[in-house]
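The listed protein sequences derive, respectively, from chains A and B. Read left to right, the first sequence gives residues 55 to 336 (our numbering). Read left to right, the second sequence gives residues 36 to 353 (our numbering). The beta carbon of each residue, even a glycine, is placed where N, CA and C say it ideally should be.
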Amino acid sequence: MFPTPIEKRPRSAQITYQAFLPVALIVWLLPLLAVALFSIKPDADFTNGNYWGIPSSFEAFNNYGKVFFESNMPRYLMNSLLITIPTVIGAVALSCMAGFALGVYKFKGNLLIFFIFIAGNFVPFQILMVPVRDLTVSMNLYDTKLGLVLFHVAFQTGFCTLFMRNFIRALPFPLIEAARVEGVAEWRIFLFVVLPLMKPALAALAVLIFTFIWNDYFWAVVLTQGPDAQPVTAGITEFNSQFRAAYHLMSAGSIVAALPPVAMFFLMQKHFIAGLTLGAVK
Amino acid sequence: MSVSPAVPRTDATQPQRSWYKRNEIAITPWLFLLPAMLFFAVYVIIPIGQSFWISLHDWDGLGDKTWVGTANYERLLGIGDQNIDRKFEVSFWNNLRWLVLYLLAIPAGLFIALFLNQTVTGIRLYKSLFFFPFVISQVVVGLVFSWFYLPNDGLFDVITGFFGVDIRGGVLGNPNTATYGIIAAGLWPQTAYCMILYLTGLNAVDPEQVEAARLDGAKGRKMLWYVILPQLKPATFIAFVVTIIGALRSFDLISVMTNGGPFGSTRVLSFYMFEESLSEFGFRMGYGAAIAVVLFFIMLGFIVYFLWSMYQDEKGAR
Chain A
55 MFPTPIEKRP RSAQITYQAF LPVALIVWLL PLLAVALFSI KPDADFTNGN YWGIPSSFEA
115 FNNYGKVFFE SNMPRYLMNS LLITIPTVIG AVALSCMAGF ALGVYKFKGN LLIFFIFIAG
175 NFVPFQILMV PVRDLTVSMN LYDTKLGLVL FHVAFQTGFC TLFMRNFIRA LPFPLIEAAR
235 VEGVAEWRIF LFVVLPLMKP ALAALAVLIF TFIWNDYFWA VVLTQGPDAQ PVTAGITEFN
295 SQFRAAYHLM SAGSIVAALP PVAMFFLMQK HFIAGLTLGA VK
Chain B
36 MSVSPAVPRT DATQPQRSWY KRNEIAITPW LFLLPAMLFF AVYVIIPIGQ SFWISLHDWD
96 GLGDKTWVGT ANYERLLGIG DQNIDRKFEV SFWNNLRWLV LYLLAIPAGL FIALFLNQTV
156 TGIRLYKSLF FFPFVISQVV VGLVFSWFYL PNDGLFDVIT GFFGVDIRGG VLGNPNTATY
216 GIIAAGLWPQ TAYCMILYLT GLNAVDPEQV EAARLDGAKG RKMLWYVILP QLKPATFIAF
276 VVTIIGALRS FDLISVMTNG GPFGSTRVLS FYMFEESLSE FGFRMGYGAA IAVVLFFIML
336 GFIVYFLWSM YQDEKGAR
């Protein structure tokens, strides 16, 4: 193990380390802690210039209540959910199949198709922006959730296919061969042999894509406009103009907007990290 | 080469099998690929070509396109008797700043990973809390940092004021510091990402090699450089890829924190493109597409390098 495990160091080093850990963490998360502090302060603290001191009163319920009951925030959150969940399902389903095809079969163009999926995934969004917006408008899907979902599914398929294909590659191939010898149809091999083995990959991708899509801002701005379809990342700017300079409410709103992927991360940490670090170890 | 050993023996004992049955192995992969390829072609591959096409036109997004040939590029790059587009120049240099400074996330992430790679009680919670910034959307990171940077009242200004440094107009209000302020905000989640990559990599470092190196008297920096880092190469590669892509995709933070200002000093190509084609300044889609094409070619250099590295790996795996 590197660096040398702290247990093998002198007692003083251990204590220093243990004491330093929380300090380092607080410094690291300082901007976030500041926002959390903002979100429980009363309005008066900001007008009095008490930005960083102890809150003069505890207003968390008031502030968060305002976010939920006096703004469009719940609608934006709902939109985000209605965009994110179908995208996760769609992208994972498409890429499962594509990954199966690319990981199990050998055919001409296999590697080429695989590399097109990877390359497409790295492309700058801006080169897609004008045509995709145009396409969405011409399908009458501008400013709808479906328009966003369709694009996200397509784009995320690149990354997901990369992930799935590599995962399937690592599965024991004799299993598939054995099924073939038994005369099992190929689609049944996919459904009953490969798919059950892919559960960890499915979970990892699902959390990852959930976070990516929830946090998307660019496409939300390009393809949607108002509270009917806008997800929370885009909605928060409107929210902020409603509560201009009301830092306590803006920070409460930000925390609410950021919370779902955070919750997802803490609930599914193992899968999340497995997904993110795919390929980081050999 | 294209014939897999897994092809079942197609002997003549079953002459009645349907055409699909006989060609099952050859057809199935295409059936499985079809939906993904269709989506990907319509929304990703074809639009790239369309953008090239649009960039050769003058277009407001609604009416007819007017063919202008390479005029958009000439105006952008200042070919012929015109000057280079000033906004483009600023954006381009800012992109370079982003690229170079964003790479700091890699050593910073490694540093934190080394710091956290211990087994004391509660370390798992520490690791996930350190990773926290990456999970939050860039929009929220941008908002959080813009409050952090507020002139006079922001925590950053309070702290620098304590040391006697005063940035006029606040970090984001001053054209000399604004871009760096935004990059710092971007480095925060990016460092967390690199950290988690390295933590996973460190987990897989071969303990026997480390012990052997220790017996040979290697320690500290030497150990890190000659024993640990070579084993972390896959993690470093991924960290490099995601950091470069992240740097060139920077849009959210700029849009939320400064909206390109002050005086357009924080524009990058991706933001400038958006501004030209979809903002209150008008819908100059042709010109915007030309900017996107330039950005695409910058990215393409990296993409080719990434794919080439991956291809080498693939060949090695055979």
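Contact list for residue i against chain A, beta-carbon separation under 8 Å
{"i": "Val245 of chain B", "result": "Met55, Phe56"}
{"i": "Ser312 of chain B", "result": "Met183, Val184"}
{"i": "Asn294 of chain B", "result": "Under the 8 Å cutoff, chain A gives no residues; its nearest Cβ is about 10 Å from Asn294 of chain B."}
{"i": "Glu59 of chain B", "result": "Ala239, Glu240"}
Enclosing alpha helix (DSSP H) for residue i [first to last residue]
{"i": "Asn129 of chain B", "result": "121-137"}
{"i": "Trp65 of chain B", "result": "59-75"}
{"i": "Leu149 of chain B", "result": "140-151"}
{"i": "Glu292 of chain A", "result": "286-296"}
{"i": "Phe320 of chain A", "result": "301-321"}
{"i": "Met218 of chain A", "result": "199-223"}
{"i": "Tyr105 of chain A", "result": "First-last for Tyr105 of chain A: undefined, no H or E at that position."}
{"i": "Arg63 of chain A", "result": "Unbroken run through Arg63 of chain A: none, as it is neither H nor E."}
{"i": "Tyr108 of chain B", "result": "106-112"}
{"i": "Leu245 of chain A", "result": "Neither: Leu245 of chain A is in no alpha helix (DSSP H) and is coded neither H nor E."}
{"i": "Tyr369 of chain A", "result": "Nothing about residue 369 of chain A can be reported from this structure: the residues present for chain A run from 55 to 336 only."}
{"i": "Ala219 of chain B", "result": "213-238"}
{"i": "Met252 of chain A", "result": "It is not in any alpha helix (DSSP H) - Met252 of chain A carries neither H nor E in the DSSP assignment."}
{"i": "Phe92 of chain A", "result": "84-93"}
{"i": "Ile263 of chain B", "result": "That residue, Ile263 of chain B, is in no alpha helix (DSSP H); it is neither H nor E in DSSP."}
{"i": "Asn116 of chain A", "result": "114-123"}
{"i": "Met55 of chain A", "result": "Where Met55 of chain A is concerned, there is no enclosing alpha helix (DSSP H), given that its DSSP letter is neither H nor E."}
{"i": "Glu236 of chain A", "result": "Looking at the DSSP string, Glu236 of chain A is not in any alpha helix (DSSP H), and its letter there is neither H nor E."}
{"i": "Gln340 of chain A", "result": "This structure gives no information on residue 340 of chain A, because the portion of chain A shown stretches from 55 to 336."}
{"i": "Pro226 of chain A", "result": "Run containing Pro226 of chain A: none; DSSP gives neither H nor E here."}
{"i": "Ala98 of chain A", "result": "97-101"}
{"i": "Leu207 of chain B", "result": "Taken as a continuous stretch (DSSP letters only), Leu207 of chain B belongs to no alpha helix (DSSP H), as it is neither H nor E."}
Closest residue to residue i among the options (Cα-Cα distance)
{"i": "Met151 of chain A", "options": "A:Gln210, A:Phe112, A:Trp241", "result": "A:Trp241"}
{"i": "Glu243 of chain B", "options": "B:Glu124, B:Thr226, B:Phe198, B:Val262", "result": "B:Val262"}
{"i": "Thr301 of chain B", "options": "B:Ala239, B:Gln266, B:Val176, B:Trp128", "result": "B:Trp128"}
{"i": "Arg319 of chain B", "options": "B:Gly98, B:Trp54, B:Trp65, B:Phe75", "result": "B:Gly98"}
{"i": "Ala220 of chain B", "options": "B:Met292, B:Trp94, B:Val277", "result": "B:Met292"}
{"i": "Val135 of chain B", "options": "B:Leu73, B:Phe341, B:Ile218", "result": "B:Ile218"}
{"i": "Gly296 of chain B", "options": "B:Ala213, B:Lys162, B:Met345", "result": "B:Ala213"}
{"i": "Gly177 of chain B", "options": "A:Ile243, A:Thr291, A:Gln180, A:Gln296", "result": "A:Thr291"}
{"i": "Ala258 of chain A", "options": "A:Leu79, A:Thr70, A:Ala114, A:Ala145", "result": "A:Ala145"}
{"i": "Gln323 of chain A", "options": "B:Phe331, B:Ile338, B:Phe166, B:Val277", "result": "B:Phe166"}
{"i": "His325 of chain A", "options": "A:Pro285, A:Val191, A:Ile263", "result": "A:Ile263"}
{"i": "Ile231 of chain B", "options": "B:Tyr184, B:Leu91, B:Pro265, B:Leu149", "result": "B:Leu149"}
{"i": "Phe112 of chain A", "options": "A:Phe123, A:Phe74, A:Ala98", "result": "A:Ala98"}
{"i": "Ile81 of chain B", "options": "A:Val177, A:Trp268, A:Gly107, A:Ala239", "result": "A:Val177"}
{"i": "Pro269 of chain B", "options": "B:Glu246, B:Asn211, B:Ala239, B:Leu73", "result": "B:Ala239"}
{"i": "Asn294 of chain B", "options": "B:Asp251, B:Gly208, B:Glu246", "result": "B:Gly208"}
{"i": "Tyr184 of chain B", "options": "A:Pro96, A:Val89, A:Arg63, A:Pro57", "result": "A:Val89"}
Under 7 Å from the C-beta of residue i: neighbouring residues of chain B
{"i": "Gly174 of chain A", "result": "Phe75, Val79, Ile80"}
{"i": "Tyr196 of chain A", "result": "None at all; the shortest Cβ gap to chain B is about 12 Å."}
{"i": "Gln323 of chain A", "result": "Ser163"}
{"i": "Thr215 of chain A", "result": "Ala71"}
C-beta contact flag for residue i and residue j at 7 Å
{"i": "Asp287 of chain B", "j": "Val174 of chain B", "result": "yes"}
{"i": "Ser305 of chain A", "j": "Ser93 of chain A", "result": "yes"}
{"i": "Gly321 of chain B", "j": "Ile83 of chain B", "result": "no"}
{"i": "Ala312 of chain A", "j": "Ile289 of chain B", "result": "no"}
{"i": "Pro281 of chain A", "j": "Arg129 of chain A", "result": "yes"}
{"i": "Cys214 of chain A", "j": "Ser149 of chain A", "result": "yes"}
{"i": "Gly307 of chain A", "j": "Arg223 of chain A", "result": "no"}
{"i": "Tyr307 of chain B", "j": "Ile279 of chain B", "result": "no"}
{"i": "Asn126 of chain A", "j": "His302 of chain A", "result": "no"}
{"i": "Tyr183 of chain A", "j": "Val276 of chain A", "result": "In the sequence as displayed, the identity of residue 183 of chain A is Met instead of Tyr. Yes, the pair counts as a contact, with Cβ atoms nearer than the cut-off."}
{"i": "Gln72 of chain A", "j": "Asp197 of chain A", "result": "no"}
{"i": "Ser86 of chain B", "j": "Pro228 of chain A", "result": "no"}
{"i": "Thr226 of chain B", "j": "Gly281 of chain B", "result": "no"}
{"i": "Leu91 of chain A", "j": "Leu164 of chain B", "result": "no"}
Per-residue contacts from residue i into chain A (C-beta, under 7 Å)
{"i": "Val328 of chain B", "result": "Ile181"}
{"i": "Pro64 of chain B", "result": "Ala155, Tyr159, Phe161"}
{"i": "Asp287 of chain B", "result": "Tyr271, Phe272"}
Residues that residue i contacts on chain A, provided the C-beta gap is smaller than 9 Å
{"i": "Ser86 of chain B", "result": "Gln180, Ile181, Leu182, Met183, Val184, Pro185"}
{"i": "Ser344 of chain B", "result": "Those within 9 Å of Ser344 of chain B in chain A number zero; the least Cβ separation is about 11 Å."}
Under 9 Å from the C-beta of residue i: neighbouring residues of chain B
{"i": "Leu79 of chain A", "result": "Tyr161, Leu164, Phe165"}
{"i": "Leu83 of chain A", "result": "Leu164, Phe165, Phe167, Pro168"}
Proximal residues of chain B, C-beta to C-beta of residue i below 8 Å
{"i": "Ile222 of chain A", "result": "Per Cβ cutoff of 8 Å: no residues; Ile222 of chain A is ~11 Å from chain B at best."}
Contained alpha helix (DSSP H) runs [length at least 4] in the segment 267-346 of chain B, N- to C-terminal order | The segment 267-346 of chain B contains these whole alpha helix (DSSP H) runs: 268-284, 287-292, 304-313.
Within the segment 129-187 of chain A, ranges of the alpha helix (DSSP H) (whole runs, at least 4 residues) = Along the segment 129-187 of chain A, the alpha helix (DSSP H) occurs as fully enclosed runs of 4 or more residues at 164-176, listed in sequence order.
Taking only runs of the alpha helix (DSSP H) that begin and end inside the segment 169-203 of chain B, which ones reach a length of at least 4 residues, in chain order?
-> List check, alpha helix (DSSP H) in window: 173-183, 190-197.
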